[in-house]
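Right, dumping it as structure tokens:
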């Protein structure tokens with residue numbers, strides 16, 4: 030769960046007023062562009078770490094920011110110990126930091142502010158994500174709330190982890206495809222473009238049914254899409 034590791038480090042307060050403002054602007058930009066909720070949670074924290082690193086190195090404006098600063102930050106991450114397990118940070122996790130830095134540059138450019146660019150490449154093979162453990166899935170369920178989006182999140186967990194749908198299958202799922210009376214979910218375009226039925230029972234069915242009855246009707250937007258974003262739209266890949 031490396032994407033949570035940055036939180037403790039991010040508690041160190043930014044002292045440069047410009048960086049404080051830019052971090053807030055970045056968080057707003059993510060919301061306006063309707064990035065998924067997970068990205069809205071972890072990306073500002075990762076940016077905080079980068080800006081804190083720049084501060085510590087004496088770089089206090091975007092005009093001073095050079096590609097060498099970004100490279101030094103990536104080198105720093107490569108040497109940093111993992112706070113959750115033995116060893117260092119994974120290459121995938123470091124890639125996420127670089128992706129956030131580049132999205133920050135795009136945010137600056139989109140808002141007409143001075144921006145920056147880089148041509149850096151991380152060497153090494155990307156690690157394939159492994160299946161979540163039962164403890165990790167339990168932790169995800171524990172993080173959901175009882176509000177509209179919390180019920181939606183539990184339904185998403187039921188669809189993706191309980192029923193085993195791929196992301197693109199869940200995104201394409203429509204309300205009529207959820208057959209509560211038959212305890213089934215119809216996946217219309219599965220692997221190989223073949224339709225299939227997936228069992229929906231027990232706690233998974235309860236979570237999906239609760240979402241359809243008590244959350245989805247209040248998330249305005251698509252009339253067909255089963256899983257809606259906070260803006261009431263069908264999710265995107």
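In our numbering, the protein residues as written are 30 to 266.
Cβ coordinates follow ideal geometry from the N, Cα and C atoms, glycine included.
My parser needs the alpha helix (DSSP H) runs of 4 or more residues fully inside the stretch 139–218; what are they?
163–171, 177–186 and 196–201
The alpha helix (DSSP H) with residue 228 in it runs from where to where?
According to the DSSP assignment, residue 228 belongs to no alpha helix (DSSP H) but to the beta strand (DSSP E) extending over 225–228.
Quick check on DSSP: helix, strand or coil for residue 43?
coil
Reducing DSSP to helix, strand and coil, say where residue 97 ends up.
When DSSP states are grouped into helix, strand and coil, residue 97 belongs to the helix group.
Using alpha carbons as the reference points, say which of 77, 178, 92 and 215 lies closest to residue 7.
This structure gives no information on residue 7, because the portion of the chain shown stretches from 30 to 266.
Could you have a look at residue 248 and say whether DSSP puts it in helix, strand or coil?
coil
DSSP three-state label for residue 256, please.
coil
Should the stretch 197–217 be regarded as contacting the stretch 143–150, the criterion being three or more beta carbon pairs within less than 8 Å?
no
Along the alpha helix (DSSP H) that carries residue 62, what are the first and last residues, could you check?
No alpha helix (DSSP H) contains residue 62, which DSSP labels as neither H nor E.
Tell whether a beta-carbon distance below 8 Å holds between residue 75 and residue 44.
no
For residue 233, count neighbouring C-beta atoms within 10 Å of its own C-beta (all shown protein chains included) and say buried if the count is 16 or more, exposed if not.
Classification of residue 233: buried, given that the 10 Å Cβ count is 16 or more.
I need the straight-line Cα distance from residue 182 to residue 139, nearest angstrom please.
30 Å
Do residue 79 and residue 130 have their beta-carbon atoms positioned less than 8 Å apart in this structure?
yes
Closer than 6 Å by C-beta to residue 48: which residues in its own chain qualify, once you throw out the five before and the five after it? Chain order, please.
Excluding residues within five positions, the ones whose Cβ falls inside 6 Å are 80.
With a 10 Å radius around its C-beta and 16 neighbouring C-beta atoms as the bar for buried, classify residue 118 as buried or exposed.
buried
Taking residue 143 and residue 99 to be in contact with their CB atoms under 8 Å, please state how far apart those CB atoms are, rounded to whole angstroms.
Not confirmed; about 16 Å, so no contact.
Please list the terminal residues of the continuous alpha helix (DSSP H) segment that includes residue 118.
Following the DSSP letters along the chain, one finds residue 118 in no alpha helix (DSSP H), marked with neither H nor E.
Leaving out five residues before and five after residue 14 in sequence, what residues of the same chain have Cβ atoms less than 8 Å from its Cβ?
Residue numbering for the chain in the displayed model covers 30 to 266; residue 14 lies beyond these limits and cannot be assessed.
Confirm, please, whether the CB-CB distance from residue 236 to residue 184 is below 8 Å.
yes
Could you tell me which residues DSSP pairs with residue 50 in its beta bridges?
BP columns for residue 50 are empty, so no partner.
If you measure between the beta carbons of residue 248 and residue 229, is that distance less than 8 Å?
no
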